[in-house]
Amino acid sequence: MNVGIGKKVGLIVITQITCAALGYVALVTILRCYGDAGPRVYGVLSGGLAIFGLFGFIQNMGFRWAHMKRISEGNNLGTCIGTFAAIEILLTVVMMLVILTVGHLPGSKILPIVSALVIYALFIGLRDIGSITFDAKRETAKSQVTLIAETVIRLMVIVPMALLTLSVAWLARAYVVGILASFFVALFLMKEYIPVIKRPTRSFLKTYWTFAGPMCLLSMIIPINTNINTMLLLYLRPLADVGCYAAMDRIRFFLAAIPGAIGMLLLPTISFYHVNSAKDDIKALMSAAMRYASMIMFPIVVLILILNKPIIHILLSDAVLPGAPALCLLAVSLLFWTLSTPYIALVGGIERRGLGATMGAAMCCTNAALSLVLIPSYGPLGAATAVLIASVVGFVIVVFAPQDGLAISWRPIGIHLLAAVVMGSFLYLLLWLGMPSTRGYHLLVLSVVGVGAYLGVLVALHEFRRWDLKFLTRILYPGEMRAYVLSELEKK
């Protein structure tokens, strides 16, 4: 993985972690300001957002991937944007009608926030015309600035509302204010593309559908697997259970920045290499992406497995401590999803849409069926179990399918697993010997010691070298990252 691609991945990771961290601030503020009612208030808000997210595939339907694919192939940019804008606006209208209908069903617990969700759907569709174009052009800084704008403005609005303990309807309006800010930022950054936009043509609509059609099912996989559990909890369990699970899932969302960044950048890059028949470049890129994603994710999962209760007590609230077992299962599911991400990007990049559809169908059916069976009896733990098993099913399907000569070595992942076992055993021993874990600095010390043990094993087995440290440092060095962001934003 070259430094240019690495910087883009690094910027996406930094942006998404920043957004998730700001979301975490909002979550903690709500949980602590509303006291015992915190999980219920957050349950309504999370349930509404889960319904929004569940049906979010309507605004995708594979056409966002098709837009990235067609632009990466070098097609006329103006016609591509015009075609995608027409499709996105139509799908957004459908999405708004669906949210309006679902929100007014008998017994709905999200009625107070339906109007805010409908407006949010409108502007997120309009915003994404620009942000998906930026991703397709691999103008990573522009797409990430739009995301940061939404999160920062939303936090600035929602925290004072929570401190005043306003109703959940007011909290939902903070999301509307945030997406409005993000839309105007995207519109400003699109100024150089707006003059070249052309009307969609029949041939371009057809070529977009040719790619998007078989990808429709795959486009459902992420929103369904991310949101169906929270939605079913909303209808089958008390609101406190919804808030408890949603708080645990927020941590998973925070960590999902790593596979999310990798997948976002791999798809157009693999597509570009595929068009140019650069199979060796694809294989090298996938190997590097898998190695670094695995290297980073394993110690994070171990920390959650060993220190889940201290993490919840210190970073969230004791009101959601019953969600600790669910957090452990969600962390393991994220590990499987991370290891699957390069292969999922490969599926889209080399147009193996049949495999993507198979994986999507298997994961969706597994998650939905198990959620219906487990959630009524086991609540958040049942929801997390369904997510984990669905992730394992998807992992097996996409990783063990024929790779057309693009199979990569799993030896580094085996070494990372061994180092993770050593790390987990060492942390468990420290806790067994009585090392405290009730304060923030306790958690920090345990994390540093654990990661140190993990890196020590990698260094001993020659899996982490000086070049790796130099590469990661160069990617994340603030000075170089700032120069990269400014150069892209100022590019004409």
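Numbering (the working numbering), first residue to last: 915 to 1406. Glycine included, every Cβ here is placed at the ideal spot set by N, Cα and C.
Can you name, in chain order, every residue of its own chain whose Cβ lies under 7 Å from the Cβ of residue i, other than the five neighbours on each side?
| i | result |
| --- | --- |
| L1094 | F1037 |
| C933 | L1061, I1062, T1065 |
| I1176 | V923, A1203, A1207, T1255, P1256 |
| K1051 | I985 |
| I1043 | F998, A999, E1002 |
| A1088 | R1068, V1071, I1072, M1075 |
| I1214 | L1169 |
So the alpha helix (DSSP H) residue i belongs to, where does it begin and stop?
| i | result |
| --- | --- |
| V1361 | Here residue 1361 turns out to be Ser, not Val, going by the sequence shown. Where S1361 is concerned, the enclosing alpha helix (DSSP H) stretches over 1354-1374. |
| L1230 | Element bounds for L1230: n/a, residue is neither H nor E. |
| A1334 | 1325-1346 |
| S1079 | A small fix is needed here, since residue 1079 is Thr in this sequence, not Ser. That residue, T1079, is in no alpha helix (DSSP H); it is neither H nor E in DSSP. |
| A1035 | 1028-1050 |
| M1010 | 991-1017 |
| L1153 | 1153-1169 |
| K983 | 977-986 |
What's the C-alpha gap between residue i and residue j?
| i | j | result |
| --- | --- | --- |
| A1126 | I1111 | 21 Å |
| V1071 | A1030 | 14 Å |
| I1327 | V1310 | 15 Å |
| W1123 | V939 | 41 Å |
| L1249 | G957 | 26 Å |
| V1307 | R978 | 25 Å |
| F1340 | A1367 | 8 Å |
| L1085 | I928 | 26 Å |
| L1284 | L1019 | 24 Å |
| V955 | L1295 | 20 Å |
| S1305 | I1142 | 14 Å |
| S1096 | N1281 | 32 Å |
| N1139 | L1357 | 31 Å |
| M975 | L1153 | 31 Å |
| K1120 | A1055 | 31 Å |
| R1068 | M1273 | 35 Å |
| M1209 | H1330 | 6 Å |
| L1169 | H981 | 27 Å |
| P1137 | P1074 | 30 Å |
| I1046 | C1130 | 17 Å |
| V1373 | R1379 | 7 Å |
| D1049 | V1016 | 31 Å |
| L1005 | Q1058 | 23 Å |
To which residues of the same chain is residue i closer than 6 Å at the C-beta, ignoring the five residues directly before and after it?
| i | result |
| --- | --- |
| N916 | Low local confidence applies: a pLDDT of 49 at N916 is under 50, so the model's placement there is unreliable, and no value is given. |
| P1114 | G996, T997, A1000 |
| R1166 | L1244, L1248 |
| L1253 | none |
| N989 | none |
| L1375 | I1329 |
| L871 | Shown here, the chain extends from 915 to 1406; a query on residue 871 therefore has no answer. |
Since residue i and residue j should fall inside the 8 Å C-beta cutoff, what is the C-beta to C-beta distance between them, to a whole number of angstroms?
| i | j | result |
| --- | --- | --- |
| P1026 | S960 | The pair is not a contact, with the Cβ atoms about 14 Å apart (cut-off 8 Å). |
| T1352 | P1224 | 7 Å |
| D1155 | L1146 | The pair is not a contact, with the Cβ atoms about 11 Å apart (cut-off 8 Å). |
| L1302 | S1247 | 4 Å |
| R1241 | G1338 | Contrary to the premise, residue 1241 reads as Leu rather than Arg in this sequence. Actually they are not in contact, since the Cβ atoms of L1241 and G1338 sit about 15 Å apart, beyond 8 Å. |
Looking only at its chain, what residues have a beta carbon closer than 8 Å to the beta carbon of residue i, apart from the 5 residues adjacent to it on each side?
| i | result |
| --- | --- |
| I1013 | I965, F966, F969, V1028, L1031, V1032, A1035 |
| M1009 | F969, G970, I972, Q973, A1035, G1039 |
| G952 | I944, L945, R946, G1157, S1231, A1233 |
| P1350 | H1356 |
| S1201 | I1322, S1323 |
* Residue ranges of each alpha helix (DSSP H) within the stretch 928-974, 4 or longer -> 952-968
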